[in-house]
Amino acid sequence: MQKRDELDVQVKAVKALEAAVRDNSELIEMGDAEGDADVVKEAEQALHEALKEARSAQVETLLSGEADANDAYLEIHSGAGGTESQDWANILLRMYTRWAERRKFKIEVMEMHDGEEAGIKSATIKISGHNAYGWLKTESGVHRLVRISPYDSAARRHTSFSSAWVYPVVDDTINIEISESDLKVDTYRSSGAGGQHVNTTDSAIRITHIPSGIIVACQAERSQHKNRATAMAMLKARLYEAEMQKREEAANAESAAKTDVGWGHQIRSYVLQPYQMVKDLRTGHETSNTSAVLDGDLDDFMEASLAAKVTGYADRVADAD
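Its first residue numbered 1062, the sequence shown is counted upward by one per residue in this note's numbering.
This is how it looks when you write it as structure tokens:
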């Protein structure tokens, strides 16, 4: 039924695009015949939007990996630099949250650690929606920000680093076996806003997978059992992603044309001072509209990265213009 629903959505999208092209092409012909420039302009704009939707759908055909259709976990970690990098981590979290909201994806906070003065030290959110992992999977890596720091009284330019890590929510179609003897489980008190929301029990869970060194944590629920179940699901997802990374690294070793998007590599630079520019260091795609990108307009960057990841070329899908 899930597969049927996915196909139904795809068929409806194609039919809607066909209807948009047909109807607006007819409107342009009518407008030309009657000399109505406003009708022609409006129909051309609608065709322009349809073209953008078609190219986005074209990129989605690249999402054929085993877990691409699944929901995704997104981790954000601030780098060295204290308040400045923690603020940058918070900006990144908002950027991806806004991107998910644009796609009408569901967002759920799994755990979050606030910075001492501002921003966040780390956060994990779950993004639920069709192809959520497929779209986000190329976003793993280090993100660099250059700006005039709002926390520097001398108004000097600062460079900050934060990292994003994306892994799929593993469903029943993917079997991951974990031995209890390989786990170290710690409980701690959830952090929160206080008042009626304060948690007076050690309900938060942190699980360490000893063989791999992977650590996951969850404090979203008041129940320790629910947090443990969620943390185990997150651990399975991390182990699955780690295995996929190993396979990709092996494939990349055989083909130098493949783009390395492994964890710990800088993938994108966001420059706000002395000029405005966001540039992907893997594909070369860039834009001067930094405010739109930081407000979640990431589709062009994701499309370019996906095309490069799947085809081995760094050429992005042609711009709608």
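Ideal Cβ placement from N, Cα and C applies to all residues, glycine included.
Quick one: what's got a C-beta closer than 6 Å to ASP1247's C-beta in the same chain, skipping five residues either side?
Here the set comprises ARG1267.
Please classify THR1122: is it buried, with 16 or more other beta-carbons within 10 angstroms of its beta-carbon, or exposed?
Result: exposed.
What span of residues does the alpha helix (DSSP H) with ARG1283 cover, start to end?
Per DSSP, ARG1283 belongs to no alpha helix (DSSP H) and is neither H nor E.
Grouping DSSP H, G and I as helix and E and B as strand, with all else coil, what is HIS1109?
Here HIS1109 sits in helix by DSSP.
Cα-Cα, which of SER1240, GLY1142, LYS1187, ALA1179 is closest to GLU1162?
Checked all of SER1240, GLY1142, LYS1187, ALA1179; the closest Cα to GLU1162 is LYS1187.
Take SER1210 as the anchor and find which of MET1156, GLU1145, ILE1181, GLU1304 has the nearest alpha-carbon.
Ranking the options by Cα distance to SER1210, first place goes to GLU1145.
Here's a check: name, in chain order, each residue in its chain whose Cβ is nearer than 8 Å to the Cβ of THR1158, leaving out the five neighbours to either side.
Within the same chain, THR1158 has close Cβ partners ILE1168, ILE1186, GLY1357.
Do VAL1203 and VAL1332 count as a contact pair if the criterion is CB distance below 8 Å?
Taking 8 Å as the Cβ cut-off, VAL1332 and VAL1203 do not qualify as a contacting pair.
Could you tell me the alpha carbon to alpha carbon distance between THR1261 and ARG1250, rounded to whole angstroms?
Bear in mind that a pLDDT of 48 at THR1261, under 50, signals an unreliable position, so the number given afterwards is only what the model happens to contain. So the alpha carbons of these two residues sit roughly 7 Å apart.
Can you give me the C-alpha to C-alpha distance between SER1117 and ALA1215, rounded to a whole angstrom?
Computed Cα separation, rounded: 44 Å.
Going by beta-carbon coordinates alone, are ASN1151 and PRO1229 separated by less than 8 Å?
Going by C-beta atoms, ASN1151 is not nearer than 8 Å to PRO1229.
Use the C-beta contact count for THR1274: other C-beta atoms within 10 angstroms, 16 or more gives buried, fewer gives exposed.
For the sequence presented, residue 1274 should be read as Gly rather than Thr. Under this definition GLY1274 is an exposed residue.
Who are the Cβ neighbours of VAL1075 in its own chain at under 8 Å, not counting the five residues just before and after it?
Cβ within range, chain order: ALA1118.
Give me, in chain order, the residues of the same chain whose beta-carbon lies closer than 8 Å to that of VAL1082; leave out the 5 immediate sequence neighbours on both sides.
Correct list, in chain order: LEU1108, ALA1111.
Identify which residue in HIS1346, SER1183, GLY1142, GLY1143 has its Cα closest to the Cα of ARG1155.
Among HIS1346, SER1183, GLY1142, GLY1143, the Cα nearest to that of ARG1155 belongs to SER1183.
Going residue by residue through the region 1103-1170, where are the continuous beta strand (DSSP E) segments of at least 3 residues, counting only ones entirely within it?
The qualifying runs are 1133-1139.
Exposed or buried, ARG1218, counting other C-beta atoms within 10 Å across all chains shown (16 or more means buried)?
ARG1218 is exposed by the Cβ-count criterion.
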